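To start, the structure itself, in structure tokens.
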Amino acid sequence: MSVDLEKILRPVDSPMAPYEPKYMVLASGEVAVVRQVSRDEIPDLLKHVEPLIHVERDYYDVVASRVYAELLGHYQYRFQDQYVLAVQIDGELAAIVNGRQVTPKLGLSLHTLALRRGLRIGAHAFAAKMEYHIDGLGHDEVLIVAESPIGFRRWMIEYKLEKRFDIPHELGGVPSWALTRELFDRARANLVVGRRPVPPELLEKAMEKILPPSDPPTPAMDPLAATRSKYDPTATALVEQRWEMEGRSSDA
Amino acid sequence: MAREIYAYQCRLCGEMHYPFKMVCKNCKQNDFFEFDTVPLPKKGNLLTFTRVYNLPAQYEVATLGLGIVELENGMRMLGQIDIDEPKAGMAVVGSVEIVREETYDHYYGMVFRKA
Amino acid sequence: MRDVYVAGIGITTFTRLEYPLVEIASYASMMALKDAGITEVDHVYVANMGAPRVNHQTALASAVVDSLSLMPAGAAAIENGPASGGSAIKAGFEAIASGMHDVVLVAGVERMREVNNLEATDFVATLTHPIAEYIYGVTLPAHAAMFTRLYMEKYGVTERHLAMVGMKNQNAALNNVWAHLQQEITLEGILDSEEAMTNNPYVAEPLRFFDACPVSDGGAAVILVSKEKAKELGRPLIKISGVGQATDTHAVHERKEPTDLLAVRKAAGDAFAMAGKTPEDVDVAELHDAFTILEIAESEEVGFFPKGEGHLALERGDTALGGKIPINVGGGLKGRGHPVGATGVAQAWEIVTQLRGDGGKRQVEGAEVGFTCNFGGFGNNVVCLVFEKEA
Chain A
1 MSVDLEKILR PVDSPMAPYE PKYMVLASGE VAVVRQVSRD EIPDLLKHVE PLIHVERDYY
61 DVVASRVYAE LLGHYQYRFQ DQYVLAVQID GELAAIVNGR QVTPKLGLSL HTLALRRGLR
121 IGAHAFAAKM EYHIDGLGHD EVLIVAESPI GFRRWMIEYK LEKRFDIPHE LGGVPSWALT
181 RELFDRARAN LVVGRRPVPP ELLEKAMEKI LPPSDPPTPA MDPLAATRSK YDPTATALVE
241 QRWEMEGRSS DA
Chain B
253 MAREIYAYQC RLCGEMHYPF KMVCKNCKQN DFFEFDTVPL PKKGNLLTFT RVYNLPAQYE
313 VATLGLGIVE LENGMRMLGQ IDIDEPKAGM AVVGSVEIVR EETYDHYYGM VFRKA
Chain C
368 MRDVYVAGIG ITTFTRLEYP LVEIASYASM MALKDAGITE VDHVYVANMG APRVNHQTAL
428 ASAVVDSLSL MPAGAAAIEN GPASGGSAIK AGFEAIASGM HDVVLVAGVE RMREVNNLEA
488 TDFVATLTHP IAEYIYGVTL PAHAAMFTRL YMEKYGVTER HLAMVGMKNQ NAALNNVWAH
548 LQQEITLEGI LDSEEAMTNN PYVAEPLRFF DACPVSDGGA AVILVSKEKA KELGRPLIKI
608 SGVGQATDTH AVHERKEPTD LLAVRKAAGD AFAMAGKTPE DVDVAELHDA FTILEIAESE
668 EVGFFPKGEG HLALERGDTA LGGKIPINVG GGLKGRGHPV GATGVAQAWE IVTQLRGDGG
728 KRQVEGAEVG FTCNFGGFGN NVVCLVFEKE A
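Structural data, given as structure tokens:
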């Protein structure tokens with residue numbers, strides 16, 4: 001009975017060509033490997049995404065919450081045709097990107113989550129994702145939205161995406177933008193890097209285990225440093241919270 | 253009628269200024285607004301240029317070409333450069349067009365193209 | 368004119384700070400007050416560029432005085448673009464040198480990351496000429512880029528030289544716990560590898576991502592005192608022996624010689640003249656490297672190297688820690704960060720730290736004479752200071 005129910009609830013994944021891993025040299029001289037993540041590795045990713053749900057700046061909280069839901073849905077067979085790519089530096093997780101196939105000719109970009117800042121890893125990861133849609137999966141177009149203003153400038157303006165405002169994007173129903181094959185070919189030279197094939201030792205290190213990021217974004221230590229206007233415009237509740245942390249009584 | 257960008261000539265000593273200054277930088281003796289307006293020449297040579305990728309909030313283009321041009325009369329000015337492959341020393345000709353838009357306001361300035 | 372000494376210094380981490388503007392200024396100021404061992408001052412100057420526009424706070428100095436409970440001391444905010452810090456120190460210097468005050472707090476603060484990057488770029492661009500420059504969408508990187516192109520054509524500076532300055536300063540910041548950037552970079556990563564164009568994309572050709580300083584929040588403060596007060600407080604005697612300031616045309620295209628930075632030349636010359644010193648006497652310097660080209664150009668204009676040879680000195684290693692004239696050993700603006708109003712004061716903070724011998728891993732051995740150059744506008748308002756350690 002439960003087997004039949006699962007058959008109904010579980011979406012059937014379409015055939016999708018696997019992602020061909022690549023590697024690249026970063027500004028620091030370190031080497032990053034970009035590779036696809038399989039379903040059973042998802043729990044390893046989830047434990048590094050979860051802490052970011054509590055980082056209130058740069059939209060990390062919104063993006064991490066949504067990524068967590070997407071990855072969990074993918075793992076539990078409740079999300080159709082999703083792919084997940086990871087960027088690793090010496091085995092350490094540096095970024096996660098995901099997206100899905102809508103039709104064999106149309107892709108949909110979900111998220112880009114960077115766990116290591118300062119080396120343009122988010123930009124590299126986004127470009128890798130687009131390369132997978134257009135080159136790897138053969139999509140003619142990819143639908144994209146941005147949650148942060150920097151994302152908007154980097155993708156909508158830099159790539160010169162086309163408006164597809166009649167299509168509400170899954171992520172909150174906001175108007176979509178599209179990267180077409182033509183636009184991607186024009187941007188390819190500047191924005192997409194990476195060398196293939198990945199040398200065997202490098203690939204093995206990355207595939208062996210997803211190591212925890214050594215310097216991920218963390219919530220600010222001081223409650224007063226949180227984005228004040230979001231939760232408490234007068235900041236009094238936050239001051240009381242800090243005093244409580246310090247073991248002080250507010251009515252002395 | 254084509255728009256102009258004006259230089260300001262001191263009525264006392266003839267020194268040309270672009271942009272406007274209240275006090276003549278040469279004789280410093282002029283009275284308030286004792287200047288004549290003289291349209292800046294539109295022809296010149298490109299002195300230096302750049303293509304800007306990180307633009308301020310008001311611009312929705314991907315990149316912007318800017319340059320400093322040495323005009324025919326020896327004065328220099330900054331303008332937008334609408335040239336695919338600019339080279340130092342290139343002969344250019346300008347026309348006054350919209351260079352910035354902020355909500356409902358339009359701002360006009362010189363846009364230079366290959367002569 | 369009386370002698371002026373620095374008796375206390377304080378600084379916050381330069382990074383993205385979620386604290387309100389006044390708190391950032393107060394934090395650095397409290398550190399400086401505690402360093403000097405005082406709780407009262409005669410006067411306060413607060414250096415800042417963006418408070419009214421970006422942080423919706425005018426009359427900043429009044430707010431800072433209140434936050435520090437320094438009433439009834441007089442206070443004023445000093446706005447001079449990126450040279451606000453240097454100007455505020457100059458104002459404090461004048462207050463003490465004239466005999467009007469004995470103890471002055473000079474704080475510099477900026478909280479640029481209260482707005483997003485695009486707004487911050489526009490905010491900084493407002494220092495350009497409103498009609499001849501701003502309306503064209505010119506940004507500071509655009510000005511620096513056009514200047515760089517001319518420098519490359521005239522003196523043979525290459526993208527490699529720029530990358531070398533960027534790398535020197537960003538990696539130097541690893542020795543400075545207060546610095547914004549704590550990430551090592553290599554020439555392979557930013558220039559030589561096939562990924563370099565994407566790792567290090569153009570910001571304004573030919574300047575690239577790692578040629579420009581980051582956008583930072585932060586605060587720094589110094590306590591300026593008279594000689595008697597300095598001796599009374601018993602802190603190391605670090606004197607500001609030379610002060611120079613000069614201006615140039617507002618619109619960059621009106622400069623006499625487009626590759627010259629005349630305001631830097633004059634301000635430095637005046638500062639050295641007042642101090643009775645020459646560029647050869649300087650042991651450690653903080654130059655304003657908002658863009659890597661500026662460190663090269665300023666090193667020539669202030670007199671460390673002949674005009675057009677700054678990049679050759681860089682190649683020789685003259686400007687690295689251990690070289691002939693170490694420049695920006697704490698990361699400079701590139702590595703330490705550039706909260707616009709705080710920078711001038713942070714440069715003084717670094718020099719005083721060096722002259723006190725507290726530089727730790729980045730200490731310049733035996734430093735006795737220090738120099739700072741705070742570059743306002745795009746070279747049209749520059750403040751230079753000479754510092755000396757007194758026995």
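Chains A, B and C, in that order, give the protein sequences. Going by this note's numbering, the residue at position 206 of the first sequence is 206; the numbering climbs one at a time, nothing skipped. Going by this note's numbering, the residue at position 31 of the second sequence is 283; the numbering climbs one at a time, nothing skipped. Going by this note's numbering, the residue at position 378 of the third sequence is 745; the numbering climbs one at a time, nothing skipped. The beta carbon of each residue, even a glycine, is placed where N, CA and C say it ideally should be. Small disclaimer: the values here were computed from a predicted structure and weren't measured.
> Taking three-plus beta-carbon pairs below 8 Å as touching, is the region 602 to 614 of chain C in contact with the region 554 to 566 of chain C?
Replying inline: no
Between the beta-carbon of B/P291 and the beta-carbon of C/A618, is there less than 8 Å? Counting from one through the second sequence, the residue named residue 291 of chain B turns up at place 39. Counting from one through the third sequence, the residue named residue 618 of chain C turns up at place 251. No, Cβ-Cβ distance for B/P291 and C/A618 is not below 8 Å.
Contact residues within the region 438 to 464 of chain C, judged by C-beta distance below 9 Å to chain A | none
Using a cut-off of 8 Å between C-beta atoms, extract the partners of C/Q424 located in chain A.
Here residue 424 of chain C refers to the residue found at position 57 of the third sequence. Neighbours of C/Q424 on chain A: none; closest Cβ ~15 Å, over 8 Å.
- request: Quick one: which unbroken beta strand (DSSP E) runs of 3-plus residues sit fully inside the region 278 to 347 of chain B? Chain order, please.
  value: 287 to 291, 295 to 304, 316 to 323, 328 to 333
With distances taken between CB atoms, is the gap from C/I590 to C/E653 smaller than 8 Å?
In the third sequence, residue 590 of chain C corresponds to position 223, counting from 1. In the third sequence, residue 653 of chain C corresponds to position 286, counting from 1. Against a cut-off of 8 Å, the Cβ pair of C/E653 and C/I590 comes out as no contact.
Q. Name the chain A residues that come within less than 7 Å of C/I557, Cβ to Cβ?
A. Here residue 557 of chain C refers to the residue found at position 190 when the third sequence is read from its first residue. Neighbours of C/I557 on chain A, chain order: A27.
**Study point:** Residue ranges of each alpha helix (DSSP H) within the region 390 to 440 of chain C, 4 or longer
**Key:** 418 to 421, 427 to 434
Can you list, in chain order, the residues of its chain with a C-beta nearer than 6 Å to that of C/G677? Leave out the 5 residues immediately preceding and following it. For the purposes of this step, residue 677 of chain C is taken as residue 310 along the third sequence, with counting starting at 1. These residues qualify, in order along the chain: I663, S666, E667.
(request) Write down every uninterrupted run of the alpha helix (DSSP H) in the region 152 to 209 of chain A whose length is 4 residues or greater and which is fully enclosed by it, in chain order. (result) 181 to 191, 200 to 208
- Query: For C/T379, does the count of other Cβ atoms within 10 angstroms reach 16, so buried, or fall short, so exposed?
  - Reply: Within the third sequence, residue 379 of chain C is the residue found at index 12, counting from 1. Label assigned to C/T379: buried.
*Boundaries of the beta strand (DSSP E) in which C/S593 is found, first to last residue*: Position 226 of the third sequence, counted from the start, is the residue given in the question as residue 593 of chain C. Unbroken beta strand (DSSP E) run through C/S593: 584 to 593.
Is there a Cβ of chain C sitting closer than 8 Å to that of A/H124, yes or no? As a first step, residue 124 of chain A is located in the first sequence; it is residue number 124 there, counting from the start. Output row for A/H124: interface = yes.
Review point. Residues of chain B with a CB under 9 Å from the CB of C/H528: which are they?
Key: In the third sequence, the residue the question calls residue 528 of chain C occupies position 161. The contacting residues do not exist; C/H528 stays about 18 Å from chain B at best.
Contacting residues, own chain, Cβ-Cβ under 7 Å from C/E757 (five flanking each side not counted): The residue labelled residue 757 of chain C in the question sits at position 390 within the third sequence. Answer for C/E757: L604, K606, listed in chain order.
Does the beta carbon of C/M513 sit closer than 8 Å to a beta carbon anywhere in chain B?
As a position in the third sequence, residue 513 of chain C is number 146, starting the count at 1. Yes, C/M513 lies at the interface with chain B (some Cβ there is under 8 Å from its Cβ).
Checklist entry - For C/I552, which residues in chain A fall below 8 Å Cβ to Cβ? => result As a first step, residue 552 of chain C must be located in the third sequence, where it is residue number 185. The answer, in chain order, is A27, S28, G29.
With a threshold of 8 Å on Cβ separation, who are the neighbours of B/L307 within its own chain once the five nearest residues in sequence on each side are excluded?
In the second sequence, the residue the question calls residue 307 of chain B occupies position 55. Contacts found: V313, T315, L316.
(message) Would you say A/M24 lies against chain C (beta-carbon separation less than 8 Å)?
(response) The residue labelled residue 24 of chain A in the question sits at position 24 within the first sequence. Answer yes: the Cβ-Cβ gap between A/M24 and chain C drops below 8 Å somewhere.
Discussion item. Starting from A/Y60, trace the alpha helix (DSSP H) in both directions and tell me its first and last residue.
Written reply: Counting from one through the first sequence, the residue named residue 60 of chain A turns up at place 60. Here the alpha helix (DSSP H) through A/Y60 covers 60 to 75.
Exercise for the section: Would you list, in chain order, the members of the region 324 to 343 of chain B that have their beta-carbon closer than 9 Å to a beta-carbon of chain C? Expected result: M327, R328, M329, L330, G331, Q332, A340
Listing by chain order, which chain C residues have their CB less than 8 Å from the CB of A/N190? Sequence index remark: in the first sequence, residue 190 of chain A carries index 190 (1-based). Chain C residues near A/N190: M564, T565, P568.
task = Starting from the C-beta of B/N297, find all residues in its chain whose C-beta is less than 8 Å away, skip the five residues before and the five after it, and write them out in chain order.
result = For the purposes of this step, residue 297 of chain B is taken as residue 45 along the second sequence, with counting starting at 1. Excluding residues within five positions, the ones whose Cβ falls inside 8 Å are V321, E322, G341, M342, A343, V344.
Anyone know if the C-beta pair for C/A547 and C/P568 falls short of 8 Å? Your numbering for residue 547 of chain C matches position 180 in the third sequence. Your numbering for residue 568 of chain C matches position 201 in the third sequence. Contrary to the premise, residue 547 of chain C reads as His rather than Ala in this sequence. Not a contact, by the Cβ cut-off of 8 Å.
- Got a sec: is the Cβ-Cβ distance from B/L318 to anything in chain C below 8 Å? The residue labelled residue 318 of chain B in the question sits at position 66 within the second sequence. With 8 Å as the cut-off, B/L318 counts as an interface residue toward chain C.
- Task: Give the interface partners of A/K163 over in chain B, defined as CB-CB distance under 8 Å, in chain order.
- Result: Walking along the first sequence from the start, residue 163 of chain A turns up at place 163. The contacting residues do not exist; A/K163 stays about 12 Å from chain B at best.
Counting only the same chain and skipping the five closest in sequence on each side, list residues whose C-beta sits under 6 Å from that of A/L211.
Within the first sequence, residue 211 of chain A is the residue found at index 211, counting from 1. G91, E92, listed in sequence order.
Would you say A/E158 faces chain B, with C-beta separation under 8 Å as the test? Looking up residue 158 of chain A in the first sequence gives position 158. Yes, because at least one Cβ of chain B sits closer than 8 Å to the Cβ of A/E158.
CA-to-CA distance, C/S465 to C/K457, given in whole angstroms: Along the third sequence, read from residue 1 onward, the residue named residue 457 of chain C stands at position 90. Along the third sequence, read from residue 1 onward, the residue named residue 465 of chain C stands at position 98. Spanning the two alpha carbons is a distance of roughly 12 Å.
- Query: Under three-state DSSP, which class holds C/E461?
  - Reply: Within the third sequence, residue 461 of chain C is the residue found at index 94, counting from 1. Helix.
CA-CA distance, A/P104 and C/R383?
In the first sequence, the residue the question calls residue 104 of chain A occupies position 104. In the third sequence, the residue the question calls residue 383 of chain C occupies position 16. One C-alpha to the other measures close to 43 Å.
key: Three-state secondary structure assigned by DSSP to A/S109   = As a first step, residue 109 of chain A must be located in the first sequence, where it is residue number 109. Strand, per DSSP.
Review point. From the beta carbon of C/F754, is the nearest beta carbon of chain A less than 8 Å away?
Key: Your numbering for residue 754 of chain C matches position 387 in the third sequence. Not an interface residue.
Shortest alpha-carbon distance to B/H269 belongs to which of B/Y359, B/E256, B/M327, B/E337? Here residue 269 of chain B refers to the residue found at position 17 of the second sequence. The option with the nearest alpha carbon to B/H269 is B/M327.
field: Heavy atom of the ligand FAD within 7 Å of A/Y23 beta-carbon
entry: Within the structure as shown, the ligand FAD is missing, as the structure has no ligands at all.
What's the C-alpha gap between A/D166 and A/V142? Indexing the first sequence from 1 puts residue 166 of chain A at position 166. Indexing the first sequence from 1 puts residue 142 of chain A at position 142. Approximately 15 Å, taken between the alpha carbons.
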